[in-house]
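Okay, structure first, notes after.
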Amino acid sequence: MLHYITNIIEVHDYAVTCLFNTGETRVVNLTAIIEKYRRINDGLISQLSDPTYFKTVKLDSYGTLTWDNGVDFDPDNLYDMSQKEPAAY
Numbered sequence: 002m003l004h005y006i007t008n009i010i011e012v013h014d015y016a017v018t019c020l021f022n023t024g025e026t027r028v029v030n031l032t033a034i035i036e037k038y039r040r041i042n043d044g045l046i047s048q049l050s051d052p053t054y055f056k057t058v059k060l061d062s063y064g065t066l067t068w069d070n071g072v073d074f075d076p077d078n079l080y081d082m083s084q085k086e087p088a089a090y
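Count along the sequence shown from 1, then add 1; that gives the number in our numbering.
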């Protein structure tokens, strides 16, 4: 199954809670990726280490997370690295 995001629910520092096309609400934590690229200062993904800029994330027409600097991630990879959000009681 191809996964894609249908809605951004909430944005935290380096993590985005998303609704996927599976109907699941999952948290995509990008901390490790951002830290890796911040250390090498790649000029693109490293820009996401600014929490204010990170929170400008948008959902594009392909169902993935994107930023104005052109950074985006494959939605299937985002699904695979995400964690299912615990049910609220």
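From the three backbone atoms N, C-alpha and C, an ideal C-beta is built for every residue, glycine too. Computed from a prediction, not measured in an experiment: that's the story for all the values here.
Of the residues S83, C19, D81, the one whose Cα lies closest to the Cα of L60 is C19.
Distance between N8 and F21, taken at the CA atoms: about 7 Å. In the three-state scheme derived from DSSP, where H, G and I count as helix and E and B as strand, F55 is classed as helix. The Cβ atoms of V29 and L79 lie closer than 9 Å to each other. Scanning its chain for C-beta atoms nearer than 8 Å, with the 5 sequence neighbours on each side dropped, one finds around M82 the residues V29, N30, in chain order. The alpha-carbon of Y38 is positioned some 5 Å away from that of S47. When beta bridges are read from the DSSP output, R40 appears opposite no residue.
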